[in-house]
Amino acid sequence: MGPSGIYRRLPLEPHQMDERLTATSDLFVLIHMGTPAVDVSMWSLGIGGMVSRPLSIPLTELRSLPRVTVQTVHQCAGNPLQPTVPTRRVACVEWAGVALKSLIDLAELDPRATHMWSFGMDHGEFEGTSCDGYGKDLTIDRLLEAGALVAYELNGSALPTEHGFPARLVVPGYYGTNTVKWLDRIEFRDKPLDALFTTIYYNDAKSPAEARKPVWEIPVGSLFTSPAPGSSHRRGDGLDVAGWAWAKSGVSRVDVSVDGGANWRPAKLEPDRGAAWRRFEETIGVPEPGPLGLVVRATANDGRSQPLEGVRYAAHAITINVV
23 MGPSGIYRRL PLEPHQMDER LTATSDLFVL IHMGTPAVDV SMWSLGIGGM
73 VSRPLSIPLT ELRSLPRVTV QTVHQCAGNP LQPTVPTRRV ACVEWAGVAL
123 KSLIDLAELD PRATHMWSFG MDHGEFEGTS CDGYGKDLTI DRLLEAGALV
173 AYELNGSALP TEHGFPARLV VPGYYGTNTV KWLDRIEFRD KPLDALFTTI
223 YYNDAKSPAE ARKPVWEIPV GSLFTSPAPG SSHRRGDGLD VAGWAWAKSG
273 VSRVDVSVDG GANWRPAKLE PDRGAAWRRF EETIGVPEPG PLGLVVRATA
323 NDGRSQPLEG VRYAAHAITI NVV
């Protein structure tokens, strides 16, 4: 193992996220149990469980299979872990690799299998709890519907070590906790995985009495990239606001407010871009001098809108100064 323990790097604030594709050097990093040292000459992806043809696929062979690419929102649910605190740790990147469906076809899946278990090579201690390895699960139906892939490239280059080299699972529309880094084994089973990161961490409950729910799909979200919080603007000038909106089910509209969320007006939204985020823009009038509370709220195709507060995906609010 390399450096042990949890590690975070959060390079960008929302007003710095203006690029359509986030540069790899600007992408946030969250490592739970240190970075495994990988000898790529010895590495292979194991595929087993309820399959007729268990496989062990070296990286060179993985790269020789049909290649797919996808641009998708990549969002962290675990910084912080509390479901009531907005994270704003989000990016949009391009992954390349092999469609999970292709690997399933090669392995000849047993039709009785319902879940895929994914295991990374990282192991150790997380928040005082010993863990033999990072493991996650999702239903096979969810994975195929999302267009999951085993990625070996990020933004046109080989995966950096901190982002999961030599391969990671990518599930478009799902939080980063489900995109297992340093992937070395997937298993197909007829039940969920009972593990630390499937039953305890990355599970939300609104109250202690409620059942915990795994953090899976990325809900509707948005953020301002312009203007920057605390910036000053002249009264009477038109103020251009802009940013990004996203949702697994797609975004139907974006609204902005200049009075802290009391009143709303629609923003212009660029055409749908699949799993990637979408640009919104609007020009608003700047009222009387003083603090001005701007809020942006997106609504998804499934009808859900961002609440003003109290959830991880709350509307983005900033304050600027009118002079």
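Numbering (the working numbering), first residue to last: 23 to 345. We put the beta carbon where it would ideally sit given N, CA and C, even for glycine.
Which of helix, strand or coil does DSSP assign to residue i?
i: Leu-330; result: coil
i: His-54; result: coil
i: Ser-74; result: coil
i: Leu-67; result: strand
i: Glu-184; result: helix
i: Ser-271; result: coil
i: Thr-44; result: coil
i: Gly-325; result: coil
i: Ala-231; result: For Ala-231, the pLDDT reaches just 48, beneath the cut-off of 50, and the residue's location in the model is therefore unreliable, leaving the point undetermined.
i: Gly-315; result: strand
i: Gly-198; result: helix
i: Ala-284; result: coil
i: Glu-175; result: strand
i: Leu-49; result: coil
Would you give the residue range spanned by the alpha helix (DSSP H) that residue i belongs to?
i: Ser-86; result: 81-86
i: Leu-125; result: 122-129
Just mark residue i as buried or exposed, buried being the case when its beta carbon has 16 or more other beta carbons within 10 Å.
i: Gln-328; result: buried
i: Ile-342; result: buried
i: Gln-97; result: buried
i: Asn-285; result: exposed
i: Glu-331; result: exposed
i: Met-64; result: exposed
i: Val-107; result: exposed
i: Ser-229; result: With a pLDDT of 47 at Ser-229, under the threshold of 50, the modelled position of that residue is not reliable, and no figure is offered here.
i: Ser-279; result: buried
i: Ala-129; result: buried
i: Ser-86; result: exposed
i: Pro-188; result: buried
i: Lys-235; result: exposed
i: Ser-78; result: exposed
When DSSP builds the beta bridges, which residues end up paired with residue i?
i: His-37; result: Answer is none; His-37 lacks a bridge partner.
i: His-137; result: Thr-161, Arg-211
i: Pro-249; result: According to DSSP, which records beta bridges pairwise, Pro-249 is partnered with nothing at all.
i: Gly-260; result: Gly-307
i: Glu-116; result: Gln-93
i: Lys-203; result: Bridge partners of Lys-203: none, in fact.
i: Leu-191; result: Val-172
i: Arg-301; result: Trp-266
i: Ala-320; result: Val-276
i: Leu-291; result: Phe-302
What is the residue span of the beta strand (DSSP E) that residue i lies within?
i: Ile-342; result: 338-344
i: Arg-30; result: 29-31
Would you call the region 256-270 and the region 289-304 touching, i.e. three or more CB-CB distances under 8 Å? yes
Does the region 29-49 come close enough to the region 170-178 that 3 or more CB-CB pairs lie under 8 Å? yes
Kindly confirm or deny that the region 29-41 and the region 239-248 touch, where touching means at least three C-beta pairs closer than 8 Å. yes
Does the contact criterion of 3 or more C-beta pairs under 8 Å hold for the region 200-219 versus the region 127-138? yes
The region 293-308 touching the region 332-339, judged by at least three CB pairs closer than 8 Å: no
Are at least three pairs of beta-carbons, each pair with one atom in the region 162-171 and one in the region 191-202, less than 8 Å apart? yes
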